[in-house]
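Engineer: Please find one structure pasted underneath; my questions will follow.
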Amino acid sequence: MRKDQWALLAAGLVSVAIWMAPALRPVLWPLTLFNTHIHELCHALAALVTGGLPTHIVVNANGSGVTPVTGGLLLVVASAGYVGSAVTGGLVVAFARDEKSSRRVLATLGWVLVGSMALLVRGDIAGILVGMAWAVGLVTLAHYVRGPAASFLARFLGLQLGLTALQALAVLLNLSTWGDAMTDAKILEQTTFVPALFWAVGWALSALVALTLGLRSAWNGKTVRAAKYAQYRPSGRGG
Numbered sequence: 002m003r004k005d006q007w008a009l010l011a012a013g014l015v016s017v018a019i020w021m022a023p024a025l026r027p028v029l030w031p032l033t034l035f036n037t038h039i040h041e042l043c044h045a046l047a048a049l050v051t052g053g054l055p056t057h058i059v060v061n062a063n064g065s066g067v068t069p070v071t072g073g074l075l076l077v078v079a080s081a082g083y084v085g086s087a088v089t090g091g092l093v094v095a096f097a098r099d100e101k102s103s104r105r106v107l108a109t110l111g112w113v114l115v116g117s118m119a120l121l122v123r124g125d126i127a128g129i130l131v132g133m134a135w136a137v138g139l140v141t142l143a144h145y146v147r148g149p150a151a152s153f154l155a156r157f158l159g160l161q162l163g164l165t166a167l168q169a170l171a172v173l174l175n176l177s178t179w180g181d182a183m184t185d186a187k188i189l190e191q192t193t194f195v196p197a198l199f200w201a202v203g204w205a206l207s208a209l210v211a212l213t214l215g216l217r218s219a220w221n222g223k224t225v226r227a228a229k230y231a232q233y234r235p236s237g238r239g240g
């Protein structure tokens, strides 16, 4: 296993360990709100793609969020949050193969957030400020970060998107089984009469597959340095 792979795996394990210790979870708060911004934006985009219209996005300080929409295909819109954020994470991990592609990934995430903040995000001041900080920070990092740090940073954010989506789904599974809170799964239950637990489990499996495929792609890919070395190294013949 390469050093960059060990570093990414270690960072992921540390974040999972922190999440499992409630007293330490505030450390992950900025990442939690980053995931919520992506989660809610996926709802909004799903509404647009299926002929609906998102009115606004609210990201709350406690990590929850809401995206009221009019029209659109409810099955797609409701499913897009958890699955979309996990798929985004998997794609980020998969496409951040070298410095150039990683900087493009960071810039894309940053500018997407800029657009979301300008057009849709309203309400809770904490959600607005954190979203603005992420938008500016990602665009800035995409401009200045260089070398292996660019790839690690992009992949770390992608991994965190996937892990945070899975963590949120774990909470959703609990709510779907024992709680009465209005969640995406509960909305579909009321509309389709299919139990919320079914939707929550399906989304969790989809998110796990997306993250696994992204990590597999990253694990099987070669670093730029290794690829260049393989291309230009001597054949070993004298002459």
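Residue numbers (my numbering): 2 to 240.
Beta carbons: idealized from backbone N, C-alpha and C, even for Gly.
Fair warning: this is a prediction, and the values are worked out from it, not measured in the lab.
Terminal residues of the continuous alpha helix (DSSP H) containing Leu9?
Structural biologist: The residue given as residue 9 occupies position 8 in the sequence shown. Lys4 to Met21 is the extent of the alpha helix (DSSP H) around Leu9.
Engineer: What did DSSP end up calling Thr71 once you bin it into helix, strand or coil?
Structural biologist: On the sequence shown, position 70 is the one that residue 71 refers to. It is a strand residue.
Engineer: Buried or exposed for Leu14, going by 16 or more other Cβ atoms inside 10 Å?
Structural biologist: Along the sequence shown, one-based indexing puts residue 14 at 13. The residue is exposed, with fewer than 16 neighbouring Cβ atoms inside 10 Å.
Engineer: Give a yes or no on whether the C-beta atoms belonging to Pro186 and Ala197 are separated by under 8 Å.
Structural biologist: Here the question's residue 186 lines up with position 185 in the sequence shown. Here the question's residue 197 lines up with position 196 in the sequence shown. In the sequence under discussion, the amino acid at residue 186 is Ala, which differs from the Pro named in the question. For Ala186 and Ala197, yes; Cβs fall inside 8 Å.
Engineer: Please determine if the stretch 130-139 and the stretch 64-71 are in contact, where contact requires at least 3 C-beta pairs separated by less than 8 Å.
Structural biologist: Too few Cβ pairs lie closer than 8 Å, so no.
Engineer: Nearest-angstrom Cα distance between Trp7 and Leu160?
Structural biologist: The residue given as residue 7 occupies position 6 in the sequence shown. The residue given as residue 160 occupies position 159 in the sequence shown. So the two alpha carbons sit approximately 13 Å from each other.
Engineer: Just the Cα atoms here: how many angstroms apart are Gly148 and Glu100?
Structural biologist: Within the sequence shown, residue 148 is the residue found at index 147, counting from 1. Within the sequence shown, residue 100 is the residue found at index 99, counting from 1. Taking the straight line from one Cα to the other gives about 6 Å.
Engineer: Tell me which residue opens and which closes the alpha helix (DSSP H) that Gly1 is part of.
Structural biologist: Absent from the model: residue 1. The displayed extent of the chain is 2 to 240, so no value can be given.
Engineer: When you compare the CB positions of His38 and Gly82, do they come within less than 8 Å of one another, or not?
Structural biologist: The residue labelled residue 38 in the question sits at position 37 within the sequence shown. The residue labelled residue 82 in the question sits at position 81 within the sequence shown. No; because the gap between Cβ atoms is not below 8 Å, this pair is not in contact.
Engineer: Who are the Cβ neighbours of Gly124 in its own chain at under 7 Å, not counting the five residues just before and after it?
Structural biologist: As a first step, residue 124 is located in the sequence shown; it is residue number 123 there, counting from the start. If we look at Gly124 and ignore the five residues flanking it on each side, its Cβ neighbours are Val59.
Engineer: Beta-carbon within less than 6 Å of Ala12's beta-carbon, same chain only, minus the 5 sequence neighbours each way: which residues are those?
Structural biologist: In the sequence shown, counting from the first residue as 1, residue 12 sits at position 11. Correct list, in chain order: Phe157.
Engineer: According to the neighbour-count rule (16 or more other Cβ atoms, all chains shown, within 10 Å of its Cβ), is Thr165 buried or exposed?
Structural biologist: Your numbering for residue 165 matches position 164 in the sequence shown. Burial call: buried.
Engineer: Determine the closest residue to Gln168 out of Leu209, Met183 and Thr193, with distance taken between C-alpha atoms.
Structural biologist: Taking the sequence shown and counting its residues from 1, the one referred to as residue 168 is at position 167. Nearest of Leu209, Met183 and Thr193 to Gln168, Cα basis: Leu209.
Engineer: Run through the DSSP bridge pairs and tell me what Leu54 is partnered with.
Structural biologist: As a position in the sequence shown, residue 54 is number 53, starting the count at 1. In DSSP, Leu54 forms a bridge with Thr71.
Engineer: Since Leu212 contacts Gly53 with CB under 8 Å, what's their CB separation in whole angstroms?
Structural biologist: Stepping through the sequence shown from its first residue, residue 212 is reached at position 211. Stepping through the sequence shown from its first residue, residue 53 is reached at position 52. Their Cβ separation, rounded to whole angstroms, is 27 Å, which puts Leu212 and Gly53 out of contact at 8 Å.
Engineer: In chain order, which continuous runs of the alpha helix (DSSP H) of length 4 or greater are located wholly inside the stretch 126-200?
Structural biologist: Segments of the alpha helix (DSSP H) lying fully in the stretch 126-200: 126-145, 149-179 and 185-193.
Engineer: Assuming Leu34 contacts Trp20 (C-beta within less than 8 Å), just tell me the rounded distance between them.
Structural biologist: Here the question's residue 34 lines up with position 33 in the sequence shown. Here the question's residue 20 lines up with position 19 in the sequence shown. With a Cβ gap of about 14 Å, Leu34 and Trp20 do not count as contacting.
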